[in-house]
Structure formats: structure tokens, C-alpha cells
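Protein chains in written order, with this note's numbering: chain Y, 47 to 458; chain W, 47 to 458; chain S, 47 to 458.
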Amino acid sequence: MDAGLFTANNVWMMLATALVFFMHTGFSFLEIGLTRQKNTINILFKNIFIITGGLLLYYAWGFNLMYPGFEEGSSGIIKFSMDSFGISAPENGMTPEYADGGYTWWTDFLFQGMFAATAATIVSGAVAERIKIGAFMIFTVIYVGLVYPIVGAWKWGGGFLDSWGFYDFAGSTLVHSVGGWAALVAIFLLGSRIGKFDEDGKAKAIPGHSIPMATAGVLILWLGWFGFNGGSVLSADPELTSLVLVTTSLAAAAGGFGAMILSTVLYKNLDLTMFLNGILGGLVGITAGADLMSPNEAVVIGFLAGILIVFAVALVDKMKLDDPVGAVAVHLVCGIWGTLAVGIFGAKAGGEQFMTQLYGVLIVGVFCVVCTFIILGTLKAVMGLRVSKEEEIEGLDIHEHGMDAYPDFIND
Amino acid sequence: MDAGLFTANNVWMMLATALVFFMHTGFSFLEIGLTRQKNTINILFKNIFIITGGLLLYYAWGFNLMYPGFEEGSSGIIKFSMDSFGISAPENGMTPEYADGGYTWWTDFLFQGMFAATAATIVSGAVAERIKIGAFMIFTVIYVGLVYPIVGAWKWGGGFLDSWGFYDFAGSTLVHSVGGWAALVAIFLLGSRIGKFDEDGKAKAIPGHSIPMATAGVLILWLGWFGFNGGSVLSADPELTSLVLVTTSLAAAAGGFGAMILSTVLYKNLDLTMFLNGILGGLVGITAGADLMSPNEAVVIGFLAGILIVFAVALVDKMKLDDPVGAVAVHLVCGIWGTLAVGIFGAKAGGEQFMTQLYGVLIVGVFCVVCTFIILGTLKAVMGLRVSKEEEIEGLDIHEHGMDAYPDFIND
Amino acid sequence: MDAGLFTANNVWMMLATALVFFMHTGFSFLEIGLTRQKNTINILFKNIFIITGGLLLYYAWGFNLMYPGFEEGSSGIIKFSMDSFGISAPENGMTPEYADGGYTWWTDFLFQGMFAATAATIVSGAVAERIKIGAFMIFTVIYVGLVYPIVGAWKWGGGFLDSWGFYDFAGSTLVHSVGGWAALVAIFLLGSRIGKFDEDGKAKAIPGHSIPMATAGVLILWLGWFGFNGGSVLSADPELTSLVLVTTSLAAAAGGFGAMILSTVLYKNLDLTMFLNGILGGLVGITAGADLMSPNEAVVIGFLAGILIVFAVALVDKMKLDDPVGAVAVHLVCGIWGTLAVGIFGAKAGGEQFMTQLYGVLIVGVFCVVCTFIILGTLKAVMGLRVSKEEEIEGLDIHEHGMDAYPDFIND
């Protein structure tokens, strides 16, 4: 392959990697912005743990587990071996022969490693303000280190979902729903925060401490999606990468609009948070088929994702589940929607594809739900998941970290 | 064309697009940082509306209106047709034959779409803290959807300004002045905020609520200008793109220095806000000729832009106009200065060019002023532009959005 | 050279430049986050001064001083001449013949210019909350304008350190230690902030005013390091650049983990600030040899850097030195560690290399310490380094800038 093309491809993939890394800043801002000041340090600590620990785990075995530990079309059982610890350069892995010249093996590892941590980050927001940090750290290690790469292997590693024709371009299911299912189970097991539901069981808003930060978080996440979806082309193919950026941005814009319009109609209020969650819903929704859709289809998928967000947020409340940042609505509901949309719109639309997408959604869902129940159920029995009532009221920052988020912030 | 070169060009243009998108985070930070806490949600809502709505409008018809709806050298009258709704892939638009292999048609759309929203964002800062959000949203739709692409078509779409030899590399006039003129008319029609001028008509500072956010906003805008100007080369041509980044950054630095030195001399104070606005002035000032100037010329243009900022800010106050973020000084005054500087410095300097630049500035100015007067004048008559006195005093956040920006922010 | 390859290389280098520029946002956030609210404007002003002034100085003479003002292998004496003022395009500098087609001459200037300002930024954090801004600005001009390029010329400009075989890939010594030594001397000459040590000489924590900002700063710095180290390959060579990104990110993650684990064991507290400083330590530590190490070696180097951070922070306290942001621990201690690690791990490991690295560290250290003593000693004698007691207690923002950082921030 031509050196210029190989180099240009790899430059794109390295910068996509950088943008996906930057999404962790976006998630951090979003999560602390939408939660209370007294739990800010705790959330940041969790997020820093996820990105550092996630990368180290993916280096130690996740990457090997997800990709080459597998024969093509095999049954999905993972072969462990000591060879799979750590990464080192493959025989001819840095030549353009690897991955059709789309990138080098090193770039591959780092791009995938940045993805891996995302699933745990999604959970982090949902369980905020009440989970024991020790329990969360153990959960993260197992979920990022085992559950995520196993599911990933089924499709992106060439496993059975791939053989069936299941399609998930950049991870509506493999990343977002994997995180979203765990978030759903976790908030079910944890219970709601004190004060979230009144004696009649009616949900009350617990406002966050910085909407500007949450807004910046969403804009940074949108920016990061340029890399998340754009990099999932796995090369810098000009036509495909640029189409993906167009569908991604149009779906984000349409998602925001859908949620904004519906929430204004329903609640007679120009609700910024719903606008923001609509953008995220549009982004998650387009992720499974960002490379298959026309701009028109992307607008429709995004807009419907925004509509779904408004109903999903209300439904979660109705079910007496407490999801401080709307992670279930954004990542699970729109992740499912985006995956199914591949069977409804775009280049692969069709009944058979729709059913395959549905099977994929269900199988991944069952697996993630079962795994999360086992992991968190065990942790609940052994060490407990939830902080004490006193700690929850006084804030996790003081109790777990002996520290305030804004210790010297002063008002005149 | 060589696949490597086409791919490298398109990679650059896609990342320039991402950087221009990121500028909306910069604008948001700058605007909320320099305004009062009680109007923060309102400003963020407007900015999120602009980026989502702007992109959707540009998709629906703006792009078609600005670029191909036009015969070369024609009189500037736009032909509308149903064909111009929405975008779809052109016959051979994804091949290197499009745009001399500088990028694909999809990239072209997205890069230009990110530009389109900028004009409205400039207005957003100037009218902050007192405009009715409904009126602003309608104005934005018309201005981004019609006025901006019509002016753009005159030059970048190959219209009459282009035929005359008018030069505006990345939009000192076509983006920044287009926004700046609207800002000027809008603050004239709106009137000043309560408390901005005392009974003797003397301007009083109304300090913002977060200078750190404003500072971060300026640094993000500078970063975004790497894409705004660098991407305006419309390929990754190594010599030209790298020259543009050098002139852009040197003008920013010199603009900051100019404003900082002059304001320190005049007001005996190391004024951070002036330093920051000087940087923005330098960036706007170099934008029209970033590809024509030597580094030395860029330093001179930027430095003079910084000087202009200090005087322009004082002049706006003197005229009893109230521009909370200095948008008129930065985008209009330095936009004009940068456009004229193309006739004074650099590769195209000369009396004839200067006059062409001047005509371009005036024609665009007259058109934008007239359009803004018509749009906002109509809105003023029909629904009113300004919120009630009570709402202005209590804050737009509570009244229009039922929400605080920092609801849980607590001081010990 | 092939146009596609040249273009792809230059695209990478321009974006690496943008990322290094963005590090100044990261440094600003980190420094204001870890210091008190009353000194925020002052720190931001210094940082804006550094990036604008640093770039202008590097344009005026720094670049010429550091690179071509030198014969190969000469003794390190700099030849000044009027020719060395300002930059202009070299005869054939924009062709692929320059720098083996890795980038253009313009890109070279801008990339190096962004590096130059970093050394002064490091000092800025250490001297925060008590240095006179005038003294700091004069120091910055001399340090960025003379000391940094002279040391840089010894190695990167092809001087005697380079002839000896001293290795410093991206600046553990040439950037970070150059800043770190100056920070050490400066905090020694300045003395500690009022209240940092009690009457028994025991260090007391003076908490900062926004840990979320400090966290965002570290994440932005990590992102910036993609460009800082990745760009130091000086081309987009796929194998080498992607290896560098892998070693850089793994060292960051391992550094964070090392510091987090050790500080938790020693102090029985999940300390977010230590976690963050560990990440920075890992980044600084890998910088000298990011292109020489395997992923395993990068993890070891980063982890040990994280361990060192915990001890170094304690040692600085023990020495009764007051370093509000931990700049000496991060940039000096880990800068030295990273430089020596080149002789212990990776492709160049060996006793002779280790000694060369050690000599380089010592020579640079002696030179920087002497220069800083002369510059700051002179300033201390002539104008004083430290603000008055009253000003320190009331805050530098009001006294030097007549301005609050959050003037309109209100609590309900």
C-alpha cells in the first residue's frame, strides 16, 4: 500500500483515539454537573479510575480477549492463556498489511482501549451519589475487564453475532447498551437516593450543581463522537468517514430538536437538560448505523431518538428508578433504538435484518443483565453496595475522600 | 488524484470541521462567563439552539442556497426550487474530482454548516440578558437560514463580490461582520440593560459571573480558529495551511498584547478581559487575509486589531449601546479592519484592492443592517423583543426556563 | 517525496501543534483549580501572558536562537545577529526537502513555539499566590526568550549534548526540568505563602477553589500530550507515532495508579489530587523515552513516576518549600526520572547511556539553577519578588487587577 495513504489513515485513527479519550472529560462534566456538589469529588475519582484502570486492564488482557482469542465463526467461548497477558508488537503488525492499511496495531489497541472504558463510565453516572466506591471499583474492573470484551468479541472480534449478520457500526449495542443494561440493573439493586420519591411515590427533581458544566460535557461528547463514529470506519476512507460525520452531527442536532420540541409541548418549559439529553440520544441512536444512513435517514433516526428520550426519562421515574443523569434513557433506550433502526432504515433495511438486530439486542441484554446481577448481587451480599444514610446525606466527598470539591470557593 | 493526498486533505478538513464545531463551546463559555449568573441557562439554551438549529437549517436549504443555486458571475438573485431542500450525494461528488480533491462533498457540507451557525452565535452574546428567547429563535432561523447564505453566495458561492475581486479568505466580513452588523442593530433596537448607564448616561460595568469560564472560552476559540482559518484553505496544502496557522496564532498573540498594553497605559490596570478581547480581535482581524500575509504582517494586523478593540469598546459605551461581551468591537470593528487590511498588507495590497474591499464591506454592511432592521423591527412590532422589567431583574433563567444554573451550589 | 505522505505528515504535525496549544488551557485550569479563589485572575493573566508573549518572543528570536544559530557540534555559544530577528520563509523551506518531508518550516516554527511557552507555565503554578506580576513577566520574557532556547539548542539544535548522545525525545529534561528547576529556585527565593507552615514548621494544606477545574485540567493535559509526544516524532510515521501514543497513555494511567495506590496505603484516603498528579508524573516520566519503550516498560516507568510523586510532594513539604500545584514533584522530579529511565529501560538502556543522561540532567540543572538565581535574584534586589502581606491576604486579583474572578456569582 501507498505510504501516503497508510499514513493518512493512521493519522485519522490516532486523532479519533484522542477524541474518544476526550469524551471522558465530557462524561465527567456531564455527571458532576447534573449531581449535587457534595458528591463531586467522588464522581471525578470514579471517572479517573475508569479511564486509567480501564486502559491498564485493556492492556493487561482485554484487547487480547476481545480480538485474537477466537477462531472465526466459533461459538463464543473464550480461550484464556498466559500469552494473552499484556501486549507486544506482533510479527508484522506495524506494516500496512495489518488491518488493510487502515492503521497500525498500536493504534488499534489504543482506539479500542479508549472505547472499553466508556461502558463503565455510563454506569458511573446512573449510580452516582449513593454507591460505595469500593464496590464500584470492583464492578468496573470485572465489567470492563471481562463483560465488555466478551460481548465485543461476539461481534467485533468475529464471533457468532458477526456470523449471524448482526450489525452495530460503532456500538449502539456493544458499548452504549452494554453500559445501559448494567446501569439499569445497578439502579434497581441500589434503590433511589433519599428524597428522590416523596411518600406518595412521586418523583421529585434533585437538581445538579452546575448546568454550565453539564452543557460543556454534552458539547465535548458531541465533539468526541467525531472520533467515536468517525474512527469506527477503521480507516480514513474519505467518502465513508465524511458521511459518518454528517449523519452523526445531523442525528445529534435532530435529537436535540426532537426532545426540545416535545418537552416544550408536554411541560410548557424550555428545558435545557432535555435539549442536551436529546442530543446525546441522537448520537447514541445513530451510532449503530452511522455508515449506512443517508442524511435524511439520520435526521429521522435522531429526531425519534430525541422523542424517545422524553418518554424514557418519564418512564424511569414512573418505575421508581433513580437515574440522576438519565443514563438509561440515553444509552440503553436509544442504544436499542439505534440498533433496531439498522433494520428499518438505510442500506441494510429489511425484515430479516430487523430480526437479527432484535436477537442481538436481546442476547446482549440478557447476558449483561445476568452478569451485572451476579457481580453486583455478590458485592451486595459481601460488602454492601450502598453508603450509609449519614454518608449519603452529608456527601460522599467528605466521607470517602476527606475533601470538598470547592473548598476555597467564597461568596462576597 | 493520488489516494493518499485526497485522504490526507479530507482528514485535515474533517478535523478542521471538528475544531470549528468546538468553537461553539468556546462561545458559550465566553458569553456566560461575561454575563450574570441569573441569565446563564438562557444563554446556553440559545447557543444549543443555534448549533442544532443552524445545522438543520443549513442541511434543509442553506447549503444549496449558498453554493450551487447560482450561475457564475450572475447578479446575485437566488433561484429557489424544491430540489434545493435537503442534501443528498451528488452524482460523482465523493470522488477526488470534487473540489480538486481537497475534500468530499459531505465534508464540504459539514464544514460550511459549522460556519453558518457562527454568525448567530455572535449576535447571541450582544443581546444577552434582555432579549425574549422566542424572538431570538425566530431571528436566528431567518438570519442563519437566509441572510448568511445569501451574503456567502455573493463571494464564496461565486457571486458578484467574487467577480469584482473582493477577497475574504475565511470570513472577516462574511462571517464575523455579518454577525457583528446584526449585533449592532440588535443592541440599538433592544436598548441597554437596566443599570448599565447611570442617570448621567455614564456607562457602568456589569461584571460577569465567571472570568475563568470566559478565559477558557477564548482559549477554546483560539484553538477552534486553527480549523476556522486552517480549514478555509479547503485542502491540506502543506505550505498554505501551515502559513495560515502561523499568521493566525501570531495575530492572536499580537492582538492580545496590543489590547493589554494600551489598556494598561490608559486605565492603569492589568485588565484580563481586555487582554482576552484583544486576542479575539487579532483572530478576527487576520481572518480575511490569513493566507496572504507574512508573519511580520500578521503581527502588525493583529497588534492594530488589539489597539482598535480598546477604542471600540469605549466607543460603544460612549454611544450608549450595551454590548455585554464586546461582540461589536471584536466581530464588527475587527472584521472590517481585517477585510480592509487585505488592501493594505500582504500579497494583494494596493489601492484598487483596498477600494474593492471597502465596497464589499459597505455592501454587506448595508444589506445586513437592512435585513436585521426588517426582521427585528417586525418582531418588535408583533411580539416585542425585550423581556419585562421584572423578568430582567429576576433573571431570564427562572422566567423562561424555570431553572437555576447552579441550583445545588452551596457555600460553607 | 510523495505529496500524499508529505501532506499527511504535515497534517499530523499541525494537529499536534493545536493539541500542545490546548495544553495551556489545561495548565490554566489545573493552576487555578488548586489555588485560592482570590488569586484566580492573577494566575489566568500570567498564563495568557505566557502563551501570547511566549509565541511572540519565539517568533522574534527564540526560534532562530534555538535552531539554526549554531554550527553542528559547536561549543554551545550562541551567535546573535540582526538576521535572527523575526521569521520569514527560507529559500526552499516549504518543500518536502525540509525536515525529510516531516513538515513545513512554518509548522516547525509553530510547533516549537507552543513548546517554548510551556517551561514558563510550569513556573507559574509554583510561584502562584505571592509573586509580583511585574517580576514574573520580566522573568518569563528572559526565561522563555533566552534560557529555554539556549538549553534546547544544546540538544535539539544539534549542540554538545546531542553530540554526546544525550537522549530526550520530547523534553523530560529540555522542557519539564527546565521549568522545574526554575520553579524550585523560585519557591526557595520567594518563601512560602502565609499560613502554609504552622509555628512548629508543619505543613498545612491550603486547599484550592475548584477541584473539578483541576481535574479537567489534567484530562486536557493528557489529551495535549498526544500532540506533545506524538508530534515529537516530527512526522506521522505510523509505527513510531502510534507506539508513542500507546507508551504515553499507558504511562499516564500507570502513574495515576501508582500514586493512588501508594497514597491510599500511606494516608488511608482516596486522594483525587494525588491521583491526578500521578497521571501528570507518568506523562512527564515517559516523555524522554516515549519512542524507545515497549508498552510494558512504559507501564513500569509510569508506575514508578507515580510512586515518586507521592514521596516528592512530601519531601517538598519537609524542606519547607511551598509549591501550591506540585510543579517540582511533577515536572522536576519526574522529568529527571524520565531522563534517567532512558538509560535503564528500552532500546538505549545501558551504563554508558545512563551516565550520559545523568550528565545531561546535571548540566542542564546547574545552568537553569544559576540562570534563575541570577534573574530572580536581580529582580528581588531591584524591585522585589513578593507582594505585600496585605495584598497576599486580600488577594492578588483585587490588588493587581482590580477585579474578582466570580464577581456576580450568587448563592441562594
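Beta carbons are placed, not taken as given, at the ideal position from N, Cα and C, and that holds for glycine.
Pairwise C-alpha distance: residue 353 (chain S) and residue 250 (chain W):
Between residue 250 (chain W) and residue 353 (chain S), the C-alpha separation is close to 53 Å.
Distance, Cα to Cα, residue 288 (chain S) vs residue 201 (chain W)?
Approximately 42 Å between the Cα atoms of the pair.
I'd like to confirm the pairing. Which residues does DSSP put opposite residue 177 (chain Y) in its beta bridges?
Answer is Y:432, bridged to residue 177 (chain Y).
Residue 243 (chain Y) in three-state terms, based on DSSP:
Strand, per DSSP.
Under the three-state DSSP convention, the category residue 249 (chain Y) falls into:
Secondary structure at residue 249 (chain Y): strand, using DSSP grouped into helix, strand and coil.
Residue environment, residue 88 (chain Y), which counts as buried when at least 16 other CB atoms sit within 10 Å
Result: buried.
Do residue 112 (chain Y) and residue 195 (chain Y) have their beta-carbon atoms positioned less than 7 Å apart in this structure?
Yes.
Which whole-angstrom value is the C-beta distance of residue 286 (chain Y) and residue 292 (chain Y), which I expect to be below 8 Å?
For a cut-off of 8 Å, the C-beta gap from residue 286 (chain Y) to residue 292 (chain Y) is around 11 Å, too long to register as a contact.
Confirm, please, whether the CB-CB distance from residue 374 (chain S) to residue 241 (chain S) is below 7 Å.
No, the pair does not count as a contact, with Cβ atoms beyond the cut-off.
Would you please verify whether the beta carbon of residue 144 (chain W) is less than 7 Å from any beta carbon of chain Y?
With its beta carbon at least 7 Å from every one in chain Y, residue 144 (chain W) lies outside the interface.
Can you tell me whether residue 104 (chain Y) is helix, strand or coil according to DSSP?
In this structure, residue 104 (chain Y) counts as helix in the three-state DSSP scheme.
Which one of W:210, W:47, W:330 and W:171 has the shortest CA to CA distance from residue 142 (chain W)?
Selected option, being the one with the closest Cα: W:47.
Residues in the stretch 330-346 of chain Y with C-beta within 9 Å of chain W's C-beta atoms, listed in sequence order?
If the cut-off is 9 Å between Cβ atoms, the stretch 330-346 of chain Y has 340, 341, 342 and 345 near chain W.
Would residue 257 (chain Y) count as contacting chain W if we go by Cβ distances under 7 Å?
Closer than 7 Å to some Cβ of chain W, the Cβ of residue 257 (chain Y) qualifies, so yes.
Evaluate contact between the stretch 227-235 of chain S and the stretch 204-212 of chain S, counting only Cβ atoms and requiring at least three cross-stretch pairs below 8 Å.
Taking one beta carbon from each stretch, the stretch 227-235 of chain S and the stretch 204-212 of chain S have fewer than 3 pairs nearer than 8 Å; the two do not touch.
Mind checking which residues open and close the alpha helix (DSSP H) that includes residue 136 (chain S)?
No alpha helix (DSSP H) contains residue 136 (chain S), which DSSP labels as neither H nor E.
Let me check understanding here. Comparing Cα to Cα, which of S:171, S:56, S:456 and S:79 lies closest to residue 453 (chain Y)?
Out of S:171, S:56, S:456 and S:79, S:79 has the C-alpha closest to the C-alpha of residue 453 (chain Y).
Top-ranked residue by Cα proximity to residue 430 (chain S), from S:70, S:180, S:140 and S:357
Ranked by how close their Cα comes to the Cα of residue 430 (chain S), the residues S:70, S:180, S:140 and S:357 have S:180 in first place.
Can you give the Cα-Cα distance for residue 385 (chain W) and residue 335 (chain W), rounded to whole angstroms?
Rounded to the nearest angstrom, the two C-alpha atoms are 7 Å apart.
Does any residue of chain Y have a CB that is nearer than 7 Å to the CB of residue 454 (chain W)?
Taking Cβ atoms only, chain Y reaches closer than 7 Å to residue 454 (chain W), which makes this a yes.
Tell me whether residue 256 (chain W) is buried or exposed, calling it buried when 16 or more other Cβ atoms sit within 10 Å of its Cβ.
Buried is the call here.
Terminal residues of the alpha helix (DSSP H) in which residue 445 (chain S) lies
Note, residue 445 (chain S): alpha helix (DSSP H), 442-447.
Beta-carbon contacts of residue 147 (chain Y) that lie in its chain and below 8 Å, excluding the five residues immediately before and after
Excluding residues up to 5 positions away in sequence, 47, 51, 52, 55 and 281 lie with their Cβ nearer than 8 Å to the Cβ of residue 147 (chain Y) in the same chain.
Could you tell me whether the stretch 386-400 of chain Y touches the stretch 255-274 of chain Y, using the rule of 3 or more Cβ pairs below 8 Å?
No, because fewer than three Cβ pairs between the stretch 386-400 of chain Y and the stretch 255-274 of chain Y fall closer than 8 Å, the two stretches do not touch.
Closest Cα partner of residue 301 (chain Y) within the set Y:81, Y:455, Y:347 and Y:341
Of the candidates Y:81, Y:455, Y:347 and Y:341, Y:347 places its Cα closest to the Cα of residue 301 (chain Y).
Residues of chain Y with CB under 9 Å from residue 50 (chain S), in chain order?
Those within 9 Å of residue 50 (chain S) in chain Y are 48, 49, 50, 51, 53 and 54.
Quick one: which unbroken alpha helix (DSSP H) runs of 4-plus residues sit fully inside the stretch 378-433 of chain S? Chain order, please.
Runs found: 380-390 and 397-428.
contact_flag[the stretch 314-329 of chain S, the stretch 430-450 of chain Y] where n(CB pairs < 8 Å) is 3 or more:
In this structure the stretch 314-329 of chain S touches the stretch 430-450 of chain Y; the number of beta carbon pairs closer than 8 Å is three or more.
Rounded Cβ spacing between residue 197 (chain Y) and residue 230 (chain Y) (contact assumed at less than 8 Å)
Not confirmed; about 16 Å, so no contact.
Report the neighbours of residue 446 (chain W) on chain Y: residues whose CB is nearer than 9 Å to its CB, in chain order.
Residues of chain Y passing the Cβ test: 315 and 316.
Neighbouring residues, chain Y, relative to residue 176 (chain S) (Cβ below 9 Å):
Within chain Y, no C-beta atom comes nearer than 9 Å to that of residue 176 (chain S); the closest sits roughly 15 Å away.
So, with DSSP's three-state summary, where would you put residue 280 (chain W)?
In the three-state scheme derived from DSSP, where H, G and I count as helix and E and B as strand, residue 280 (chain W) is classed as coil.
Proximal residues to residue 367 (chain S) (C-beta, below 8 Å), its chain only, five neighbours per side dropped:
Short of 8 Å from the beta carbon of residue 367 (chain S), and not among the five residues preceding or following it, lie these beta carbons of its own chain, in chain order: 230, 233, 234, 238 and 374.
Return the first residue and the last residue of the alpha helix (DSSP H) that residue 143 (chain W) is part of.
Per DSSP, residue 143 (chain W) lies in no alpha helix (DSSP H) segment and is marked neither H nor E.
Taking residue 112 (chain S) as part of the alpha helix (DSSP H), name the residues at either end of that continuous run.
It spans 109-112 - the alpha helix (DSSP H) in which residue 112 (chain S) sits, taken as one unbroken run.
Pick out whichever of W:74, W:290, W:158 and W:345 has its Cα sitting closest to the Cα of residue 110 (chain W).
The shortest Cα separation from residue 110 (chain W) among W:74, W:290, W:158 and W:345 belongs to W:158.
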